[in-house]
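For the sequence shown, my numbering assigns the number 421 to the initial residue and increments by one for each residue that follows.
Beta carbons are placed, not taken as given, at the ideal position from N, Cα and C, and that holds for glycine.
Below is one structure, written out as structure tokens, with a few remarks after it.
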Amino acid sequence: MNEIIKSNKEEPGIDFEDLFETDIVKEFKFEELESELRVVMEELNRQHLLNLYFYKRYDELLKLIGDRHTVLSSSLRKEYDFKISYQPSEKTTTLKTKHVLPTLKKVMPNKVYREYRTHFIKLIAPGLTKIQQEFGIHYEKAMVIFFYVSNTKEIDVDNRFQSFVFDAIRNARLIQNDNLTHLSTLSYGQYSDKPESTTITIIEERTFAEWVASQSNFFCRNNVSS
Numbered sequence: 421m422n423e424i425i426k427s428n429k430e431e432p433g434i435d436f437e438d439l440f441e442t443d444i445v446k447e448f449k450f451e452e453l454e455s456e457l458r459v460v461m462e463e464l465n466r467q468h469l470l471n472l473y474f475y476k477r478y479d480e481l482l483k484l485i486g487d488r489h490t491v492l493s494s495s496l497r498k499e500y501d502f503k504i505s506y507q508p509s510e511k512t513t514t515l516k517t518k519h520v521l522p523t524l525k526k527v528m529p530n531k532v533y534r535e536y537r538t539h540f541i542k543l544i545a546p547g548l549t550k551i552q553q554e555f556g557i558h559y560e561k562a563m564v565i566f567f568y569v570s571n572t573k574e575i576d577v578d579n580r581f582q583s584f585v586f587d588a589i590r591n592a593r594l595i596q597n598d599n600l601t602h603l604s605t606l607s608y609g610q611y612s613d614k615p616e617s618t619t620i621t622i623i624e625e626r627t628f629a630e631w632v633a634s635q636s637n638f639f640c641r642n643n644v645s646s
């Protein structure tokens with residue numbers, strides 16, 4: 421990595437604001453920028469004290485890389501890579517990814533929120549649309565179940581980034597609307613020594629109880645499948 425330092429200021433002190441103000445210009449290879457972006461996005465998914473710093477760095481990296489939308493979409497796809505499937509016998513649609521969904525921080529800038537939402541919808545909506553068209557799926561009132569497995573961090577349900585899932589289900593025409601008359605949700609978490617993951621199951625609400633009864637391990641906290 422080549423590094424060029426340009427500064428008209430005195431040596432910065434320990435003020436937290438100096439993290440944002442230091443006039444430093446660096447030259448990176450494209451691969452290095454992409455690598456750092458993945459690290460920053462991983463940190464944004466944690467309960468991190470310096471979230472404001474990482475949000476700023478996230479924005480700077482995307483500006484440096486240039487093709488902001490393509491790079492962000494590619495990075496999210498590499499990190500989450502949703503596997504989407506449909507079980508005709510149960511009429512259940514399932515989305516699986518290797519990470520717990522990102523944390524929706526109250527300090528998240530609006531631009532970052534909009535970008536995450538837009539690109540996550542683009543990440544899963546085409547797969548849902550393909551299934552909808554192939555099987556003609558339409559849920560009168562869907563129950564969307566979020567099942568989280570984590571061994572590294574607490575799972576705080578109230579700020580988990582789930583809204584894009586509802587938007588994608590609606591956009592793919594699996595439901596008529598994503599309001600409470602057409603959609604209900606359930607979130608369930610589990611700590612395990614297995615790799616973290618999120619499984620999202622979409623099922624008709626009227627068959628939900630029957631489906632849960634058939635899933636012998638679904639609510640068993642001592643027996644979690646990956």
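{"Check": "Is it a yes or a no for the stretch 592–608 touching the stretch 548–567, going by three-plus beta-carbon pairs under 8 angstroms?", "Outcome": "yes"}
{"Check": "Give the straight-line distance between the Cα atoms of SER570 and GLN582, rounded to the nearest whole angstrom.", "Outcome": "16 angstroms"}
{"Check": "Return the first residue and the last residue of the beta strand (DSSP E) that GLU624 is part of.", "Outcome": "617–624"}
{"Check": "Pull up the distance between the alpha-carbon of ILE565 and that of GLU624, whole angstroms please.", "Outcome": "11 angstroms"}
{"Check": "Determine, for ILE595, whether the minimum Cβ-Cβ distance to residues of chain C falls below 8 angstroms.", "Outcome": "This model lacks chain C altogether, as it is built from one protein chain only."}
{"Check": "When you compare only the Cα positions, how much space is there between ILE626 and THR512?", "Outcome": "Rather than Ile, the amino acid found at residue 626 in this sequence is Arg. Straight-line Cα distance between these residues: approximately 12 angstroms."}
{"Check": "What is the rounded straight-line gap between the Cα of PRO522 and the Cα of TRP631?", "Outcome": "28 angstroms"}
{"Check": "Only counting the same chain, and skipping five residues up and downstream in sequence, which positions put a Cβ closer than 7 angstroms to that of ALA545?", "Outcome": "ALA588, ASN591 and ALA592"}
{"Check": "Near ILE504, which residues of its chain fall below 6 angstroms by C-beta distance, leaving aside the five closest residues on each side in sequence?", "Outcome": "LEU515 and GLY547"}
{"Check": "Since I believe TYR506 is in contact with ILE541 (beta carbons under 8 angstroms), could you give me their beta-carbon distance rounded to a whole number of angstroms?", "Outcome": "Not quite, the Cβ-Cβ distance comes to about 19 angstroms (not below 8 angstroms), so this is no contact."}
{"Check": "With a floor of 3 residues, list each beta strand (DSSP E) that falls wholly inside the stretch 560–590, ordered by position along the chain.", "Outcome": "562–570"}
{"Check": "Return the first residue and the last residue of the beta strand (DSSP E) that GLN635 is part of.", "Outcome": "Run containing GLN635: none; DSSP gives neither H nor E here."}
{"Check": "What does the alpha-carbon distance come out to for the pair GLU499 and ARG537?", "Outcome": "15 angstroms"}
{"Check": "Identify, in the order they occur along the chain, each residue of the same chain with its Cβ nearer than 8 angstroms to the Cβ of PRO508, setting aside the five sequence neighbours on each side.", "Outcome": "PHE555"}
{"Check": "Out of ALA633, ILE620 and GLN635, state which residue places its alpha-carbon closest to the alpha-carbon of PHE586.", "Outcome": "ILE620"}
{"Check": "Which residue or residues does DSSP assign as beta-bridge partners of GLN610?", "Outcome": "VAL569"}
{"Check": "Give the DSSP bridge partners of LEU543, in chain order.", "Outcome": "DSSP lists no partner for LEU543."}
{"Check": "For a test of the three-state rule: what should DSSP assign to THR523, helix, strand or coil?", "Outcome": "strand"}
{"Check": "In angstroms with no decimal places, state the Cα-to-Cα distance between LEU600 and PHE628.", "Outcome": "16 angstroms"}
{"Check": "Could you check what DSSP says for ILE504 in three-state terms: helix, strand or coil?", "Outcome": "strand"}
{"Check": "Am I right that SER604 and LYS561 are in contact with their C-beta atoms under 8 angstroms? What's the rounded C-beta distance?", "Outcome": "7 angstroms"}
{"Check": "My assumption, with CB atoms under 8 angstroms, is that THR618 sits in contact with TYR568. Please give the rounded CB distance.", "Outcome": "6 angstroms"}
{"Check": "Within a Cβ cutoff of 8 angstroms, which residues of the same chain sit near THR572, ignoring the five residues on either side of it in sequence?", "Outcome": "GLU616"}
{"Check": "If we ignore side chains and look at the alpha-carbon of each, how far apart do PHE502 and SER612 end up?", "Outcome": "21 angstroms"}
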